[in-house]
Amino acid sequence: MRIEELSMQLEKEGLLQMDYLGCRKYYVDGEFVYNDGQWRNIPDLFGIYKSKESGNYVFFITDTERGNRCHSESFATEEEACECLLEMTRSGKSDNTELFDKTSKTTSNVNEDRYTYYKFDIGDGGMRKKGNIVEYIDKNGEWVEDIELLRMFIGLDGGFKEITEKEAEILVENRKRNKMV
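Under the working numbering, the first residue of the sequence shown is numbered 6, with each subsequent residue one higher.
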């Protein structure tokens, strides 16, 4: 099977999305993500591209946080790469998905009602997470759930570290104080 045929096959079987390590991933043409030696750091995708350096076909999956490759397999032929991708999407599982499913069910119930707080490495910004909800401290010192803020952070080089609730309160107060100045 060739890459052009793969796209049609995935669509026909309803496999343009798959779960990988508990995260939803979306199929794209590999050239969209990797072109002329440039990796575009787009999160939550999977596909195949032909490496210009080696001539091999690479099946990749990008990670949720930064869009870097979290899974990559190189194949000598286009057919092998397509078969591997099809097999993984049909099963909907990676080697670790079953383990992830079991552990996330036991740990997520414990922490669903509590926030986890983080401070960005650069600046005085922070965020908090509870379940699937992510909120950021806006410039007025308020916790907001804003997808546009999230989009600004995706692909940045800066990281973040976990902090206590008290430390997060200090960040919020500093933002509010700076607003009044």
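Every residue, glycine too, gets a C-beta built ideally from N, C-alpha and C.
Computed from a prediction, not measured in an experiment: that's the story for all the values here.
- residue 82, buried or exposed, once every other Cβ within 10 Å from all chains shown has been counted against 16: Here residue 82 corresponds to residue number 77 of the sequence shown, with the count starting at 1. Exposed, by the Cβ-count rule.
- Task: List in chain order: all unbroken beta strand (DSSP E) runs of 3+ residues lying wholly within the region 23 to 61.
- Result: 28 to 32, 50 to 55
- Task: Please state whether DSSP places residue 144 in a helix, a strand or coil.
- Result: In the sequence shown, residue 144 corresponds to position 139, counting from 1. Residue 144: coil per DSSP, three-state reduction.
- Query: Is there contact here, the region 53 to 63 with the region 12 to 25, by at least three beta-carbon pairs under 8 Å?
  - Reply: no
- Message: By alpha-carbon positions, which one of 132, 144, 25, 138 ends up nearest to residue 173?
- Response: For this step, residue 173 is matched to residue 168 along the sequence shown. For residue 173, the nearest C-alpha among the options comes from 132.
- According to DSSP, what are the bridge partners of residue 79? Reading the sequence shown from its first residue, position 74 is the one you call residue 79. DSSP lists 63 as partners of residue 79.
- Item | Nearest candidate by alpha-carbon position, reference residue 180, set 136, 148, 19, 24 | For the purposes of this step, residue 180 is identified with residue 175 of the sequence shown, where counting begins at 1. Selected option, being the one with the closest Cα: 148.
- Query: Per DSSP, which one or two residues make a beta bridge with residue 128?
  - Reply: As a first step, residue 128 must be located in the sequence shown, where it is residue number 123. Residue 128 pairs with nothing; no bridge assigned.
- Mind checking whether residue 87 and residue 8 have CB atoms under 9 Å apart? By one-based count along the sequence shown, residue 87 stands at place 82. By one-based count along the sequence shown, residue 8 stands at place 3. Going by C-beta atoms, residue 87 is nearer than 9 Å to residue 8.
- Which one of 150, 120, 49, 31 has the shortest CA to CA distance from residue 167? On the sequence shown, residue 167 is found 162 positions in, with the first residue counted as 1. Of 150, 120, 49, 31, the residue nearest in Cα terms is 120.
- Query: Taking the C-alpha atoms as reference points, what is the distance between residue 104 and residue 28?
  - Reply: Within the sequence shown, the letter at position 99 stands for residue 104. Within the sequence shown, the letter at position 23 stands for residue 28. For residue 104, the predicted model reports a pLDDT of 37, less than 50, meaning its position is unreliable; a value from the coordinates is still stated below. One C-alpha to the other measures close to 13 Å.
- Item | Extent of the continuous alpha helix (DSSP H) to which residue 10 belongs | Position 5 of the sequence shown, counted from the first residue, corresponds to residue 10. Looking at the DSSP string, the run of the alpha helix (DSSP H) that includes residue 10 is 8 to 18.
- What is the DSSP secondary structure of residue 84, counted as helix, strand or coil? As a working mapping, residue 84 is identified with position 79 in the sequence shown. It is helical.
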